[in-house]
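>
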Amino acid sequence: MKKKVVARLFRFDAKSDYLSYYKPYQLRLEEDATPRQILDYIKQEDALFVCDYSEVSHVVVGGKGFGIDEALGEALLEDIVIEPIATDRAKLDFQLNDEDFWKKYALLAPWCDEEDRKFYEQYKAHYYLSSVRKINRDYMGEALFLLADRVIKNQPSKELEILNIIADEEDGIWHYGTLTSRLNTLDIAIDEIVLDLKKRAIDYGLGDIVQLKKESFIDKYEPSNESFFGENLGFKSFDSSKLEGLNVAVYIGNYSKRFRHLDVSRLL
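Just so you know, we're using the numbering used here here: the sequence shown kicks off at 5 and counts up by one.
1. CA-CA distance, Q41 and C55?
2. Would you call the CB atoms of F105 and Y132 closer than 9 Å?
3. Rounded to whole angstroms, what's the CA-CA distance from E74 to V10? Just pull it up for me.
4. Keeping to the same chain, check which residues put their C-beta closer than 6 Å to that of K218; ignore five residues upstream and five downstream.
5. Can you tell me whether DSSP reads G77 as helix, strand or coil?
6. Just the C-alpha distance for Y127 and I206, rounded to the nearest angstrom, thanks.
7. By how many angstroms is the C-alpha of D17 removed from the C-alpha of E34?
8. Please report how far the alpha carbon of R93 lies from the alpha carbon of A171, in whole angstroms.
9. Taking a contact to mean a Cβ-Cβ separation below 9 Å, would you say I72 touches V60 in this structure?
10. From this set, C116, R12, D175, I166, which residue's C-alpha is nearest R204's C-alpha?
11. Among N140, I194, A193, V155, which residue has its Cα nearest to the Cα of G176?
12. Could you give the distance in angstroms between the alpha-carbon of A110 and the alpha-carbon of A37?
13. Roughly how many angstroms separate the alpha carbons of K120 and V155, rounded to a whole number?
14. Is it buried or exposed, E78, if we count other Cβ atoms within 10 angstroms and call 16 or more buried?
15. Just to confirm before moving on: does the CB-CB distance between L13 and F53 stay below 9 Å?
16. Kindly indicate which residue of V65, P39, L164 has the alpha-carbon position closest to the one of W115.
17. Using only the alpha-carbon positions, how far apart do D153 and E174 sit?
18. Beta-carbon separation of A90 and L76 under 9 Å?
19. According to DSSP, is R15 helix, strand or coil?
20. Consider the C-beta atom of A51 and the heavy atoms of the ligand MG; say whether any pair is separated by less than 8 Å.
21. Counting along the chain, where does the beta strand (DSSP E) carrying K95 start and finish?
22. Could you have a look at P88 and say whether DSSP puts it in helix, strand or coil?
23. Report the rounded CA-to-CA distance for S135 versus G66, giving the unit in angstroms.
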């Protein structure tokens, strides 16, 4: 059974537009419609929509990332907004300037082959949909962390070299935030992989984060501990009852190294 839908499509041409805009299209769609089917319908209706989305793997519908061939299901409302995975990187509608994505890959490229490169590329949506990237555009991203895990497994002798790169205090794994709320479906246990990489980096004594564990008023960090707190940084435990009746927030500025780790417990 088909339903009437107003699809508000993100439009932008870097060569001619100063600002992006959203153009509405009235469509009749099957309830199991996919983003690709919707874009195909619009392309037939609007001769000015010439975007080549053959290499687009994901789009954002109603604020959540969907695979381009993934049925929208309950997300197919009567009024939906369809956007690329990174509106700030759009060059022609859903086509992106992904130089920043490949710049991150270059950090591990010396240890990678063509298969590793293809593996990294399939997680482009994970990189752009990261909530951390919205705050810090230099954030390395989930795709690089997954690649790091793959390289370490294939080349165990390179573990410390790889961890040294991704354990960067400003842009590395310490600032990972779960993608659960950003992607409709996750095909890999990213949280567990990043958590394991953090534990290995801490056990090697990488970064000022180790000093934070030692100075923290919350509890003493133990490398073998399985229970992580907050940003998964590695605190052993925390008594949440101490915060009853309080409204607490910590602003750490423009990702200042001084505030990022060593001073945050003192601020609290």
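Even for Gly, the Cβ is constructed at its ideal location relative to N, Cα and C. All figures in this text were calculated on a predicted structure; none of them were measured in a lab.
The structure says:
1. 14 Å
2. yes
3. 19 Å
4. Bear in mind that a pLDDT of 46 at K218, under 50, signals an unreliable position, so the model cannot answer this.
5. helix
6. 25 Å
7. 30 Å
8. 26 Å
9. yes
10. I166
11. N140
12. 37 Å
13. Per the sequence shown, residue 120 should be read as Asp rather than Lys. If you take the alpha carbons of D120 and V155, they lie about 8 Å apart.
14. exposed
15. yes
16. L164
17. 20 Å
18. no
19. strand
20. The ligand MG is absent from the structure shown, which contains no ligand whatsoever.
21. 94 to 96
22. coil
23. 16 Å
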